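Here's the structure we're looking at; comments come further down.
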Ligand SMILES: Cc1ncc(C[n+]2csc(CCOP(=O)(O)OP(=O)(O)O)c2C)c(N)n1
Ligand SMILES: Cc1ncc(C[n+]2csc(CCOP(=O)(O)OP(=O)(O)O)c2C)c(N)n1
Ligand code: SF4
Ligand code: SF4
Ligand code: SF4
Ligand code: SF4
Ligand code: SF4
Ligand code: SF4
Ligand SMILES: [Mg+2]
Ligand SMILES: [Mg+2]
């Protein structure tokens, strides 16, 4: 198994966290993982993204030029990555915000109105990222729920224990829709 | 013709000037010449010296490790250079100040009590260097008097015209003794 | 030992602390800034001191002062900041002071950009400062290697009384990978009797290299040269990948080395016997990796994030026996493994 | 034209003024200090400005600012000061600003001594600063060449929009020889329409190289690389001495080149067919000088005032065809011609 | 209706890249207006720093030079000495002019270098993501003073305009702020006075402007302004510190 | 008869290399005496500059580190942070600490760096043969101000102790001179006070000492002292400029 | 007798103009511009606006034009 | 009742001690030391010397020892 993923969005949408959580869970599952953020001046008030690779084999190149899975949380990110997704790859789209479309029919587009779901269920759009991640896990079977929950325990539990439960519920919500 | 010379002495004895004057004259005579001063921290209150090469041919190496002619104006310089003079070379010694001797008998030692001569004739020891230079010219026939006088005109005349005559007289004195 | 998911920069910082590094002097610069940031949080816990210097010039000279007193010390920067440290690096080398200096390279020359590059190879390995000196240079390709090599760097620095440079790039510095921290080494290292610690109960020491005469200067230089010759055969490190039966070999370090590993796999799938030598020490350049192999291969290709700098060292080892080709990316770009294979095939006429 | 007896440093300064250099920014350091001293006396006479900077770092950046406005400008220093200029040099190269930088090398590393050396070869030619760049590097061996090459340096800088370095040492800087000053060149040089002069009657200009994306970074780097490739065949300079029938060749530049000339004569007296290639451009390295000769000679020897730096470039050209040996002196010492011959004979088994 | 407020010709068309509410933008605008009002757009040569404002070279309508981090004043000196007839200014952050470039700043003041230096003090390294600056206040948390700046270890903030006012050679030193419309107008006046000082050949002019960094301070733009008022304005010497006649 | 004046243990046996009459030697002696009297010979770590005093590392009996030109204070900072229990001092010329090392000097003062910095101001670059220093007086001729320093072009001398006294973090700032026996004794007192300031952990101490350079001024030693009195003492602020309680 | 024109594409919704208007005439709008920022709008109370420009003076993005 | 001992090899004949002595007891000597400097000597007027050490305080080369 090897998935090369990109998570992209607007500054405050928590895309770096999504990727980190997934990478962390991959590590707990004994896989090889890498996580790379975009860095540099374009971050100033712009978009943010990170690349995550999860693989059963040693990871050579850690950069992701043609993602097998891309998650785009806003319009600019959709534009940036829609053409890069590998044929037969998956493009997860936060349809609460993104209303773009594409001509490509060699990729799977999976829409999820994450902001709405987040707002409806948790009265904040902040958890949209985690909901999308749950959805991705359900669709792609990269890692199981338990390992993600363990990653949440470790990553969120350390700094903000009060947020552990709600994050898990957001994962479950994403998985269920 | 090629002479590789070293002029050495105490700080204020004008050894750099001796060398420069000779090099300048050499240039006027159409020879190839180089002049290199010692430089560096050892100058601070120590000895000074310069190397001069006058040659009919292109000068390759400008450094003088084994001088054919050395002029030493004080004791420390005698010690430093007496063993470096090339066999059959000449060592001009300011005997007013230097009372050292050497075992070497493969070099010519030419003594001249330059400080005394300077003081007796010009009421200052400052011209000792020029007197020695005159003596050297008389003994070694490197360049003729006219060309040295022309060099004095150009080098001294520019900045201190009043000193031209006395320098010429010092040369003549050195030649005559 | 449990694994942790950590950024390369943070891994370097943590490894340094576990190696007994007690002092960090630095100046922020992307993409190396997580190193000082981590140090500012954690060094205190082990009784160490973090100080943000007013500049890279000040930082490297603070490193010099701290090292001169015999304490383990580190600094980190990125390319323009590394350039500013050149005089200080030359001084560290001349006075034979152990210190670890990290260069998380970013795209130059000039202000340039922040993307990954390996275009500081020359200035890092051949002495970007004045005079004849070479720091030991270590080039990790994974976050785990950033840990391991940082720990080794402190030992090498003390063992050979020399600055050691860790050369990486923004990808490695910013990337997270799982890492484990081995127990710090307990190598038997020479006592630092040369350090300025106060002259209590012993002769005073001077930690300096002022050469009042050329003769002393020559002596010092010959001593340094001897040390370099001594180090050369002893600390060469590299990783060979599928070189045993290789007909062609890629030489690449760090990020491009990692990417080239994938390229090797791709080429092998096409039946091409390609291998990889990944230098881990950039100075001394791992000449030993080429021993025995030179007769077996038909050609080399140096893959670098530059216009070609390490290739000179490759060519010096190969010495005309077989062709040495080049593939590079510049200005912050990285090649896809496929591009490397394509270029390789084209240059060696294997289409 | 009458000859003048002049120090190398003064000759450089006078040649610069005659080349239309209008500004000098520098910081004193032995053995280059006569250059700022001369400038402080004479630049005013031609309506120029001399300014003593607070440091070498400031000086090189003042040079950058002045050059960015399109005016001819120079700075000079010696090895430790040259090290401090590395970041600035990288910026000059990146923004493609013409400027002349003099390095009167002194013995390093570190504080070292003041004696002559050529151990800055790497940092000068391969970029002691970050990123892929090479200034054009000129290495005079006589005071007359210091004049001629300084004049050429200003033209080359403007022609190719690049920093040009004059690399010499304390012997050349301190030495007096007779010189003549040719009339300044009247080469047809490109108009500096890129310079910041006030945006009157035209679009504003930005003189900088900030790369917000890796793609722009790549573009800039490729442009620089192309320029380097363009320069390479065009500005190679060297002097060959008795190479026509040579069986062995010494390669040496500057002071060691001059001394080697005498060594060649000595060897010839013994019947040995020795010749000399004296590189005048150190970058680009004069590869053309070796064309045709490689088949005729049995071996090369690089003679340097260092542990051997240029030898790498010699070996890269020779590429294993014949042996390349080395003879060097360090720390401020210079070899006697006899020593060179002795070492040469020993290394090539000609006793 | 007549346009009473519009975009100055001193600015190009490019939209700023700064974070929302970052007062670098206000400072850009008043500086550009000063250039326009003093008819300097076609005469001025500006020097951009490395810092968040590194990209300011594309915003100002005059010729610009991009300097290395901390060296804008040295670069400006080179430009001014080369072309004394041009008006030369630098635009620098507190890290740029107050830390790595401190020697250049003070030496230029001592030289009475006839340039105008604009110092944007946001008490932090904005560009690199919020590290301690020479101007970071005691107790202020940054990414390299995570427990709050401890003067015992990390030292005291440098009051650069105050310091420069004690340097012979400085001609006009002002410390202003852009926290209220009134202060913005006063800041603009100070900028113009700085340029006039240069145009009259009086020597080094330096305008320190307190500025916000909502992003790295972790505050809303409005709260950041309040923080500036409560903490920075009370700590740093404000007003015209030196006016050479 | 009893010996009432002899060579201090703070000095090694080596004879100084300084030019005849150069007051670097006096300063060496009183500094070494201060080390002895405060029992610091076995505790102190000194940092030598590059300058005429670059070789001072062989004269003082304590451990010494040789720094790069201008970086003595940075080196001293590194040493002090590594070994806070040691007393650290730097010995620097006016070019070293006032030009190339100016940022280091002022930043250390602002940090309240707990070291003692000795600043030997001879208004010239002695080591390199007499070029203009940041402290060269208006009109003073040097080899790079051959027509006399013109403040319009080359700027004004920097009064470093005065400047440092305005930096928060500096604890003891004194400006003294070694022109008369009385002043030599006062200078020694200032040096001791500097060390005591450090030993009490109060922060940065800086003692500026006016010194002569007969060689590069082109004067006899006695005349040089007179010149110092007439020109330097009247130009630079003298006395204790700051004493933190 | 005043009026403010917001350059929607320049506005970043920072709210500094909102704070600055003595008449409280500006509010952050509900529509994101192409960059994703919620630009400010002037409440439809033209009569009250006196064109004092205080809002524009405080705008860091030169997004406001004022007419009177 | 005082006495000054000159370390001949350390003295550089700079004359600062000569200027400093209130009793005018020091003069530059006639013999050069091994470095070529003419070292100072105390005039043979021991009685007058009070051992005040002012000479030694001004000596840059620590060439003087004072006894009382
Ligand atoms: C030599 C060098 N060192 C460090 C950096 C990284 N760097 C870029 S901007 C900056 C500081 C920015 O802070 P400031 O000057 O206060 O400007 P601001 O971004 O806050 O406006 C630093 C450290 C660099 N580009 N070059
Ligand atoms: C980087 C660098 N720049 C310049 C020099 C040359 N240099 C040595 S000492 C010195 C200045 C000496 O003046 P000062 O600091 O006033 O000390 P002084 O000799 O007058 O006591 C200079 C410029 C150097 N060694 N290193
Ligand atoms: S990081 Fe701070 S200073 Fe930089 S643009 Fe954003 S708010 Fe402004
Ligand atoms: S050059 Fe000047 S400062 Fe240096 S030792 Fe001689 S007199 Fe003293
Ligand atoms: S011009 Fe004045 S009144 Fe009108 S919206 Fe702006 S601040 Fe309010
Ligand atoms: S101040 Fe400007 S950018 Fe901010 S909300 Fe108002 S119009 Fe928009
Ligand atoms: S001790 Fe006093 S009286 Fe005696 S020689 Fe010295 S200065 Fe003169
Ligand atoms: S002061 Fe010292 S060095 Fe000078 S003459 Fe007197 S004893 Fe000699
Ligand atoms: Mg800032
Ligand atoms: Mg000085």
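Protein chains in written order, with the numbering used here: chain A, 1 to 177; chain B, 1001 to 1177; chain C, 2001 to 2351; chain D, 3001 to 3351; chain E, 4001 to 4245; chain F, 5001 to 5245; chain G, 6001 to 6068; chain H, 7001 to 7068.
Cβ coordinates follow ideal geometry from the N, Cα and C atoms, glycine included.
This structure is a prediction, so every number in the text was calculated from the model and none was measured.
Can you grab the Cα-Cα spacing for the pair residue i / residue j, in whole Å?
i                       : j                       : result
residue 1176 of chain B : residue 1135 of chain B : 7 Å
residue 4125 of chain E : residue 144 of chain A  : 42 Å
residue 4072 of chain E : residue 4119 of chain E : 11 Å
residue 3067 of chain D : residue 3091 of chain D : 12 Å
residue 5172 of chain F : residue 2283 of chain C : 47 Å
residue 1163 of chain B : residue 1152 of chain B : 9 Å
residue 2109 of chain C : residue 3273 of chain D : 45 Å
residue 1172 of chain B : residue 5017 of chain F : 38 Å
residue 1090 of chain B : residue 1075 of chain B : 17 Å
residue 2300 of chain C : residue 4053 of chain E : 45 Å
residue 3216 of chain D : residue 5106 of chain F : 39 Å
Would residue i and residue j qualify as a contact pair, given that the criterion is a beta-carbon distance under 9 Å?
i                       : j                       : result
residue 5160 of chain F : residue 5096 of chain F : no
residue 2169 of chain C : residue 3131 of chain D : no
residue 84 of chain A   : residue 15 of chain A   : no
residue 5134 of chain F : residue 3056 of chain D : no
residue 94 of chain A   : residue 115 of chain A  : yes
residue 2162 of chain C : residue 2135 of chain C : yes
residue 4060 of chain E : residue 4137 of chain E : no
Have a look at the DSSP bridge pairing and note the partners of residue i.
i                       : result
residue 2984 of chain D : For residue 2984 of chain D there is no data in the structure shown, the boundaries of chain D being 3001 and 3351.
residue 2004 of chain C : C:2179
residue 2278 of chain C : C:2239
residue 2301 of chain C : C:2250 and C:2325
residue 1050 of chain B : B:1007 and B:1037
residue 4091 of chain E : E:4118
Spatial neighbours of residue i within its chain, please: C-beta separation below 6 Å, excluding the five flanking residues on both sides.
i                       : result
residue 4112 of chain E : 4169, 4203 and 4204
residue 2263 of chain C : 2337, 2340 and 2341
residue 2321 of chain C : 2294
If I measure Cβ to Cβ from residue i and keep anything under 8 Å in the same chain, skipping five residues before and after, which residues do I get?
i                       : result
residue 5109 of chain F : 5164, 5167, 5169, 5170, 5204 and 5206
My understanding is that residue i touches residue j, with C-beta atoms under 8 Å, so please give their C-beta distance in whole angstroms.
i                       : j                       : result
residue 6020 of chain G : residue 6054 of chain G : 5 Å
Suppose the cutoff is 7 Å on Cβ atoms and the five residues either side in sequence are ignored; what does the same chain contact list for residue i look like?
i                       : result
residue 5211 of chain F : 5023, 5024, 5027, 5120, 5121, 5122 and 5178
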